[in-house]
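Peer 1: Numbering of the sequence shown is given in full-length UniProt numbering, commencing with residue 1 and proceeding in unit increments.
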Amino acid sequence: MSARRKERAAEEKQEIFSEEEERRSAEEEEEEDFEEAMKEAASSAVVRRKPGSPKPQMILNIPEAVDDFLRNFLRRSGFSQTLDRFEAEWYGSAQKQLAETLKVAPAGVFFIPDALTHRQLLHSELETVRRETKLLRQEVLAAGESLVRMQRERDFHRLQYRRAAEDKNQLIEDFKQLKKHLESYQPALKQLDDKYQAALRQKMLLSLEKDRVHNTESRLSPEKPKNKTDTSTKKSSAGTSRHPKDSEFPVCSRPVKLHLTCRSPTSFSLSCSIKAHQLPISCIHLHPRKLILASVSDDRSWRLWALPASGEKVGQMVLTGEGHSDWLSGCCFHPDGAKLATTSGDTTVRLWDFSRGLCVLTLSGHSKPTWSCSFHSCGHFLASCSSDRTAKLWDLNSQRCRLTLRRHTASVNSVCFLPFSNILITSSADKTLNLWDARMGVCTATFHGHQHPCNHATFHPTGEVLASCDSQGIVNLWDVRKSSSAVGTVDAGPLGANQVAFSPSGKMLAVGSDDGLVRLVELDSSTVSSLSGHRDGVQSVTFDHKGETVISAGTDGLINIWT
1 MSARRKERAA EEKQEIFSEE EERRSAEEEE EEDFEEAMKE AASSAVVRRK PGSPKPQMIL
61 NIPEAVDDFL RNFLRRSGFS QTLDRFEAEW YGSAQKQLAE TLKVAPAGVF FIPDALTHRQ
121 LLHSELETVR RETKLLRQEV LAAGESLVRM QRERDFHRLQ YRRAAEDKNQ LIEDFKQLKK
181 HLESYQPALK QLDDKYQAAL RQKMLLSLEK DRVHNTESRL SPEKPKNKTD TSTKKSSAGT
241 SRHPKDSEFP VCSRPVKLHL TCRSPTSFSL SCSIKAHQLP ISCIHLHPRK LILASVSDDR
301 SWRLWALPAS GEKVGQMVLT GEGHSDWLSG CCFHPDGAKL ATTSGDTTVR LWDFSRGLCV
361 LTLSGHSKPT WSCSFHSCGH FLASCSSDRT AKLWDLNSQR CRLTLRRHTA SVNSVCFLPF
421 SNILITSSAD KTLNLWDARM GVCTATFHGH QHPCNHATFH PTGEVLASCD SQGIVNLWDV
481 RKSSSAVGTV DAGPLGANQV AFSPSGKMLA VGSDDGLVRL VELDSSTVSS LSGHRDGVQS
541 VTFDHKGETV ISAGTDGLIN IWT
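1) On the criterion of 16 or more Cβ atoms from any shown chain inside 10 Å, does residue 612 qualify as buried, or is it exposed?
2) Among ALA383, GLY379, SER377, LEU358, whose alpha-carbon lies nearest the alpha-carbon of THR370?
3) Based on the DSSP secondary-structure assignment, which residues constitute the bridge partners of SER386?
4) Along the chain, where does the alpha helix (DSSP H) that runs through ASN72 open and close?
5) Do you know offhand how far THR390's Cα is from LEU403's?
6) What is the DSSP secondary structure of GLU464, counted as helix, strand or coil?
7) For TRP90, which three-state DSSP category applies?
8) Given a threshold of 16 other Cβ atoms within 10 Å of its Cβ, counted over all protein chains shown, does GLN81 qualify as buried or as exposed?
9) Would you please state the rounded distance, in angstroms, between the beta carbons of ALA341 and LEU351? I believe it to be under 8 Å.
10) Where does LYS290 sit, in a helix, a strand or coil, going by DSSP?
11) Cα separation between VAL415 and PHE354?
12) With DSSP as the reference, identify every bridge partner of THR362, one or two as the case may be.
13) Using the three-state DSSP reduction, which class does LYS392 fall into: helix, strand or coil?
14) Compute the distance between the beta-carbons of CYS359 and HIS285, then report whether it is under 8 Å.
15) From which residue to which residue does the beta strand (DSSP E) around PHE502 run?
16) On the criterion of 16 or more Cβ atoms from any shown chain inside 10 Å, does PHE156 qualify as buried, or is it exposed?
17) Tell me the rounded alpha-carbon separation between SER232 and TRP436.
18) Determine whether the beta carbon atoms of GLY449 and GLN472 lie at a separation below 8 Å.
19) Give the secondary structure of GLY554 by DSSP, where H, G and I count as helix, E and B as strand, and everything else as coil.
20) Quick one: measure Cβ to Cβ for TRP302 and GLY321, integer angstroms, because I've assumed they're closer than 8 Å.
21) Going by DSSP in three states, HIS157 sits in which element: helix, strand or coil?
22) Name the DSSP bridge partner or partners of ASP470?
23) Roughly how many angstroms lie between the CA atoms of LYS179 and LYS168, to the nearest whole one?
24) Could you compute how far the alpha carbon of TRP305 sits from the alpha carbon of GLU166?
25) Please work out which residues of its chain come closer than 7 Å, Cβ to Cβ, to ASP556, disregarding the five sequence neighbours upstream and downstream, and give them in chain order.
26) With distances taken Cα to Cα, identify the nearest neighbour of CYS378 among SER372, ASN397, LYS368.
27) Taking buried to mean at least 16 other C-beta atoms within 10 Å of its own C-beta, is ARG400 buried or exposed?
28) Would you identify the three-state DSSP class for LEU523, choosing helix, strand or coil?
29) Nearest chain B C-beta to HIS366 closer than 8 Å, yes or no?
30) Identify every residue that forms a DSSP beta bridge with CYS401.
31) Could you spell out the range, first to last residue, of the beta strand (DSSP E) harbouring SER269?
32) Please name the residue, chosen from ALA497, CYS469, THR133, ARG71, that lies closest to GLY554 on a Cα-to-Cα basis.
33) What residue does the beta strand (DSSP E) around CYS378 start on, and which one ends it?
34) Ignore the nearest five residues each way along the sequence and tell me which others in THR507's own chain have a CB closer than 8 Å to its CB.
35) Below 8 Å between beta carbons: does that hold for PHE381 and PRO335?
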């Protein structure tokens, strides 16, 4: 059996070899026939060529492409798996080479793919288009849903807008009707307001006039015999020509009354702010007995303000006056409270009567702007100071200058009477303070110690201590009996200190500074606290009659009240 199998296998192999030889011989014969046909065609072309025509170039053998040769060989040999793997690797490398060729190929050079590569490219583009189409379909559906939702919201908001427009039109109509109704009441309201202002002003003026009459009667009744006895001595001491209407200085008698109540500086807070003037405020002064404040400004006007009582927030302007031809620098109430003295850059000092509402006296004698003024407690004398380096003492009865105080070598910036006394203090830009006896017209003491121009000086309620400030914020305390050196110093700098004021108890000192702060100094402990509320420099500061309120005014045109 094994021999037969071997014979059969040998026969099959021989048949396969014979078939391959026949196929090869057939292919060789076909190639020979193809070559003979090509030769015959070439010879016939030679015969047909016209004489003189160029000889055509003939390609006698066209080589087969490498990939076609391998593909045909594998197909003839029956290697189907090898053929599939070859085509996959061949066309994969062809596509990669195509991509690299397109990247580096110069302009005008392109690659022509074969059918399979072109089909794969078209297939990939088709897949991309299908994916994009699917995404676009989803986006279109979402946009459609969003459009429907927005249309619904649009219809809702349109309805709401129509309702709001109707309500707005109705409110406009109601507002117009109410405005017409209010305008019909305006004349009556204005008339009532004018009556109220006139009544308030009349009441204030009557009160001031009554106080003035009462104070005048109480002051003149006990002093008549004293004036008679002192006339001869004063005439002899003056030694100068007298005017028939000249006043006599009263005998110095200082009743010392201190308000012992004193609040802590940290307990003060801003309770009210009044926009008193549009331009900077130069000075404020409190009425001797009432909560009425006078203010003067660069706008050439003075104003009286009724300070708000406890619980109120806004002060009310009572009276105003104009007459100076230049800015106002200082003011001072008459002791009876019915008059006001003002100083100005026009070199004059004016006296205003509230009951008559006009200027009753103009004092001219200074050659340069006047800075400050102060009344004697008797009310018959007024002291003023000026940039002309002098201070003058005016007699209001005879309306003339009784004394001219000359000792300073620079502008005299402030002047102040010690209450119920003939003592006068002046501060100057020459960095000194001078203490004067107004009755005799002599300088009794000079205080040296400031390193910068002095802006202001004032007396302690007891009259034994002086406070002064300069343009670098240094505040000095002086003993009136010792002019050698300051007994205390407070630094409120580095900017200038414009004014100082003692509290009625004498335990606290207020300082107005150019840095917009009001500094409160406790004299016993030398502690300093600050009140902030101004937007610019503080030009003037004072206490109320009980020391429970601090009032300040500054370059910003505001009057701040601290309680």
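Glycine included, C-beta positions come from ideal geometry on N, C-alpha and C.
Peer 2: According to the data block:
1) Here the chain has residues from 1 to 563 only, and residue 612 is not among them.
2) The count along the sequence shown starts at 1 and reaches residue 370 at position 370. Per the Cα distances, ALA383.
3) Here residue 386 is taken as the residue at index 386 of the sequence shown, counted from 1. In DSSP, SER386 forms a bridge with THR370.
4) The count along the sequence shown starts at 1 and reaches residue 72 at position 72. Element bounds for ASN72: 66 to 77.
5) As a first step, residue 390 is located in the sequence shown; it is residue number 390 there, counting from the start. As a first step, residue 403 is located in the sequence shown; it is residue number 403 there, counting from the start. If I take the Cα positions, the gap works out to 10 Å.
6) As a first step, residue 464 is located in the sequence shown; it is residue number 464 there, counting from the start. Three-state result, GLU464: coil.
7) On the sequence shown, position 90 is the one that residue 90 refers to. The answer is helix: DSSP assigns TRP90 an H, G or I state.
8) Taking the sequence shown and counting its residues from 1, one reaches residue 81 at position 81. Answer is exposed; the Cβ neighbour count stays below 16.
9) Taking the sequence shown and counting its residues from 1, the one referred to as residue 341 is at position 341. Taking the sequence shown and counting its residues from 1, the one referred to as residue 351 is at position 351. Rounded, the Cβ-Cβ distance is 5 Å, consistent with contact.
10) Locating residue 290 in the sequence shown gives position 290, counting from the first residue. Here LYS290 carries a coil assignment [DSSP, helix/strand/coil].
11) For the purposes of this step, residue 415 is taken as residue 415 along the sequence shown, with counting starting at 1. For the purposes of this step, residue 354 is taken as residue 354 along the sequence shown, with counting starting at 1. Looking at the two C-alpha atoms, the distance is approximately 24 Å.
12) Position 362 of the sequence shown, counting from 1, holds the residue named residue 362. According to DSSP, which records beta bridges pairwise, THR362 is partnered with ARG350.
13) Residue numbering aside, residue 392 sits at position 392 when the sequence shown is read from its first letter. It is a strand residue.
14) Along the sequence shown, one-based indexing puts residue 359 at 359. Along the sequence shown, one-based indexing puts residue 285 at 285. Against a cut-off of 8 Å, the Cβ pair of HIS285 and CYS359 comes out as no contact.
15) The residue given as residue 502 occupies position 502 in the sequence shown. Here the beta strand (DSSP E) through PHE502 covers 497 to 502.
16) The sequence position of residue 156 within the sequence shown is 156, counting from 1. When all chains shown are included, PHE156 counts as exposed.
17) Stepping through the sequence shown from its first residue, residue 232 is reached at position 232. Stepping through the sequence shown from its first residue, residue 436 is reached at position 436. Legend: pLDDT at SER232 = 35, less than 50; position of this residue unreliable, value from coordinates given subsequently. Each residue's alpha carbon lies about 23 Å from the other.
18) As a first step, residue 449 is located in the sequence shown; it is residue number 449 there, counting from the start. As a first step, residue 472 is located in the sequence shown; it is residue number 472 there, counting from the start. Using a Cβ distance threshold of 8 Å, GLY449 and GLN472 do not count as a contacting pair.
19) On the sequence shown, position 554 is the one that residue 554 refers to. Three-state DSSP puts GLY554 in a strand.
20) Start at 1 with the first residue of the sequence shown, and residue 302 comes out as number 302. Start at 1 with the first residue of the sequence shown, and residue 321 comes out as number 321. 5 Å between Cβ atoms; contact.
21) Against the sequence shown, residue 157 aligns to sequence position 157. Here HIS157 carries a helix assignment [DSSP, helix/strand/coil].
22) Within the sequence shown, numbered from 1, the residue matching residue 470 stands at position 470. ASP470 pairs with CYS454.
23) Counting from 1 along the sequence shown, the entry for residue 179 is found at position 179. Counting from 1 along the sequence shown, the entry for residue 168 is found at position 168. When rounded, the distance between both Cα atoms is 16 Å.
24) To locate residue 305, count along the sequence shown from 1; it is residue 305. To locate residue 166, count along the sequence shown from 1; it is residue 166. Near 49 Å, if we compare the C-alpha coordinates of GLU166 and TRP305.
25) Here residue 556 corresponds to residue number 556 of the sequence shown, with the count starting at 1. Only HIS534, ARG535, ASP536 meet the Cβ criterion.
26) Taking the first residue of the sequence shown as position 1, residue 378 is located at position 378. Among SER372, ASN397, LYS368, the Cα nearest to that of CYS378 is on ASN397.
27) Locating residue 400 in the sequence shown gives position 400, counting from the first residue. ARG400 comes out exposed.
28) Numbered from its first residue, the sequence shown carries residue 523 at position 523. In the structure shown, LEU523 sits in coil (DSSP, three-state: anything other than H, G, I, E or B).
29) In the structure shown, chain B cannot be found, because there is only a single protein chain.
30) Position 401 of the sequence shown, counted from the first residue, corresponds to residue 401. Paired residues: TRP394.
31) Indexing the sequence shown from 1 puts residue 269 at position 269. Segment: none, SER269 is in no beta strand (DSSP E) and carries neither H nor E.
32) Stepping through the sequence shown from its first residue, residue 554 is reached at position 554. Comparing Cα-Cα distances from GLY554 to each of ALA497, CYS469, THR133, ARG71, the minimum goes to ALA497.
33) Position 378 of the sequence shown, counted from the first residue, corresponds to residue 378. Annotation: CYS378 is outside any beta strand (DSSP E) and is labelled neither H nor E by DSSP.
34) Counting from one through the sequence shown, the residue named residue 507 turns up at place 507. One point to set straight first is that residue 507 is Lys, not Thr, in the sequence displayed. CYS262, GLU522, LEU523, ASP524.
35) Here residue 381 is taken as the residue at index 381 of the sequence shown, counted from 1. Here residue 335 is taken as the residue at index 335 of the sequence shown, counted from 1. Not closer than 8 Å, so no.
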